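Heads up: the structure comes next, in structure tokens.
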Amino acid sequence: MLPFFILLYHNILMNDQQLVAVIMSGLLILLIWGRWRYDGVVLVTLAIMVLLGLIEPREAFSGFSHPAVITVALVLLISKGLEKSGFINQIGEFLSSKIEKEFQFMTIIMFTAAFLSSFMNNIGAMAMLLPITIGIAQKMDWNPSKFLMPLAFASILGGMNTKIGTPPNIIISEFREEISGVGFDFFHFSFVGFPVSFIGIIFIAFLGWRLVRVRKKTGENKPLIDLQEYLIEMIVSSDSPWIGKRFHALNRDFGNEIILMGIVSEEGTVRKPHAMETLNEGDILVLKASPESVADIQSKYYFNLDSDIESPKGEELGVIEAMIGPRSRLIGRRFNYFKRMAGNQLSLLGLWRRGSKFRTRLAKEIFRSGDVLLLSGKQAEGDIAEKLELLDLLPLWQRDLDVIRDTSRVQIALILFAICIVLVATNILNIIVAFLLCVLAFTSTRLLRGHGIYRHIDWPVVILLGAMIPIGGTLVTTGITEELAGLIVASFLDIHVGWTLAMILIITMFISDLINNAATAVIMAPLSISIANTMSLPVEPFLMSVAIGASCAFLSPIGHQCNTLVMGPGNYKFGDYWKLGLPLELLIIAISTPLLLPKPRTFNFFDGTLTTSVKNASKPFELG
């Protein structure tokens, strides 16, 4: 019934252009709000536009076959293959042996992140370097908060350098190919991206890090990120010498090493026991303790791990600490799901989460990105690594854990990927074909396993792109971009073109700080093309300004997944990001705007050919 009334209202009171404007405004509001998953929001929006006749049914899912969507999926698979090769472990070992000073570590880890982000998905690069950064910082007794935001920003900056570093670059390249028949080459983005990323990292290393809010140690002289304090549940066994003794005596005996958080009531909730209350057989205690303390608690107090939590048994059980990654299946789920997915290979012993009071039992806690799990697994079993991979759990490298990837495959992975890059950069093969061959090669060398290959794809991003492409196309078909372009050009008619490019950068940056950067690129690219067309200028600088602006999401933790991933471990608050992010964005605008200015007609700085206007393109612009 609702679609009928919407359709009736559309026919009587609103034309297509007005309706698209209303729907797009609602879409932006919902994406900024973040109450519902962004892939679900864009799918519902797509369905509404089809029902209203704004998008032809046969075109509704054309975006899923778009080259940009396919390329993003392949890049994610290649990134996972490089991760599984053991390459990142070698980086961690190298950094650990060479690092002595904070400035040295910050500079090296940022340039490492930028380099990796240039040739793989920047979120993947960030996720791999996060455990290493935390580990080395804690090993050197440095506050990790000082390094995690610079690490996230460096990963974002590095993604600007190449065509595959970040989804906006892939999307922008496909837009150019649709209007001119030729997309941006692999290193076209480096002309602007490399100076921006290099100067940005230097700024952060020498000055910007001082703007990062580093929360000092607590009154008890404990670091805010302390993986020695896990939430652990233990049961008072029948032979425990502490049965009948009071809780205040237990707390006194625990000292500062073990913290009694509460006792599980009959209703299953966690309550704080009274000091004079006595321990009974079968009481379930919720403790905060280090991984090393678990065995001591069992031997000294005769407290056992909760059988509902611990599942694997055996003589060779090793302790594993792993962080929940940004794409983990565990996010938003509870222990029952973990137990079903982990099987008999892994058991959950404890949970660490920054700033949580843990008012519920461990089995009832909802997992979040950035949580660190204390796991137990049989050291001899090789499929523990597969389980960690299945759940997107990142083993904390610094703990010298027993989950070690096969480093012998590092050289194979790098050689295969290097060949792929050369084939793309020299235009011998199309990027999709080259990356598909690379994925197949990774599969044949078991860097990727065929039966689980699809779980390495970030499907919400794929769905977002596939749905946003036809949605964004309505901005063109209804003439909205043309009208906006005319309005903008009229406002900037007597002003240098550099100010127009700077304005596009600023608008794109602002939107990207609020919604997904890929969606930002899809929305802003048609507008930038219309502006270039109206001004009779080459389209490339305007598209490139969108690519740079869409990647610059530094003002909030919601603008980019890299920012979200470090928020918990870094103990950052929402308002901490703009203090470093705003000066960085202003610096990027100042650096990139002169580089984006159209060059003389005799030479095109992008590819060394004559510059042509979009009006003279061999193929008219058609979105999707």
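Letter by letter, the sequence shown follows residues 154 to 777 in this note's numbering.
For each residue, glycine too, the CB sits at the ideal point set by N, CA and C.
Given the structure is predicted, the values throughout are model-derived calculations rather than measurements.
Residue pairing of Val439 in beta bridges, as defined by DSSP: Glu386 and Gly415. Ranked by how close their Cα comes to the Cα of Leu696, the residues Ala743, Leu617, Ile325 and Phe217 have Ile325 in first place.
A direct Cα-Cα distance of roughly 7 Å separates Val194 from Leu183. Under the Cβ criterion (8 Å, minimum of three pairs), the stretch 515-528 counts as touching the stretch 708-723. Three or more pairs of CB atoms, one per stretch, sit closer than 8 Å, so the stretch 699-712 contacts the stretch 668-677. Three or more Cβ pairs closer than 8 Å define a contact, and the stretch 295-302 falls short of that threshold against the stretch 334-352.
Leu384 counts as buried, since at least 16 other C-beta atoms from the protein chains shown sit within 10 angstroms of its C-beta. The stretch 262-280 and the stretch 623-638 do not touch, with fewer than three beta-carbon pairs separated by less than 8 Å. If you check the CB distance, Leu576 and Ile473 do not come in under 9 Å.
About 5 Å separates the Cβ atoms of Thr260 and Ala358, confirming a contact at the 8 Å cut-off. Between Ile742 and Met662, the C-beta gap is smaller than 9 Å, which places the two residues in contact.
Put simply, the backbone Cα of Ala594 is about 7 Å away from that of Leu569.
Annotated three-state conformation of Met476 is strand, per DSSP. Collapsing the DSSP output to three states places Thr431 in a strand.
The Cβ atoms of Asn457 and Ile388 lie closer than 9 Å to each other. For Phe456, there is no enclosing alpha helix (DSSP H); the enclosing beta strand (DSSP E) covers residues Phe456 to Leu458.
Residue pairing by DSSP places Arg188 in no beta bridge whatsoever.
Here the stretch 193-207 makes no contact with the stretch 301-311; the two share fewer than three CB pairs at distances below 8 Å. When only Cα atoms are considered, Phe258 and Gly625 end up about 42 Å apart.
When DSSP states are grouped into helix, strand and coil, Arg424 belongs to the strand group.
Scanning its chain for C-beta atoms nearer than 7 Å, with the 5 sequence neighbours on each side dropped, one finds around His713 the residues Ile309, Asn670 and Ala706, in chain order. The Cβ atoms of Gly485 and Val222 do not sit closer than 9 Å to each other.
Secondary structure in the stretch 243-294: no beta strand (DSSP E) run of 3 residues or longer lies completely within the stretch. Each residue's CA atom was taken as its position, placing Met476 and His427 some 34 Å apart.
Annotation for Pro548: the continuous beta strand (DSSP E) segment containing it runs Leu546 to Pro548. Taking a cut-off of 8 Å on C-beta distances, the stretch 327-341 does not touch the stretch 228-240, as fewer than three cross pairs fall below it. Taking C-beta atoms under 8 Å as the contact rule, Val563 and Phe240 qualify, at a distance of about 5 Å. Within 10 angstroms of the beta-carbon of Tyr191 lie 16 or more other beta-carbons, which makes it buried.
With respect to Ile352, Leu740 sits close: the two C-beta atoms are nearer than 9 Å. As the crow flies, the alpha-carbon of Arg506 is around 30 Å from that of Ser393.
By the neighbour-count criterion, in which 16 or more other beta carbons inside 10 Å mark a residue as buried, His401 falls on the exposed side. As a beta-bridge residue in DSSP terms, Arg399 pairs with Thr431. The beta carbon of Leu658 sits closer than 6 Å to those of Ser698, Gly702 and Ile742, all from its chain and outside the five residues before and after it, given in chain order.
In the three-state reduction of the DSSP assignment, Leu504 falls in the strand class, which pools E and B.
A distance of 9 Å or more separates the beta carbons of Leu654 and Leu283.
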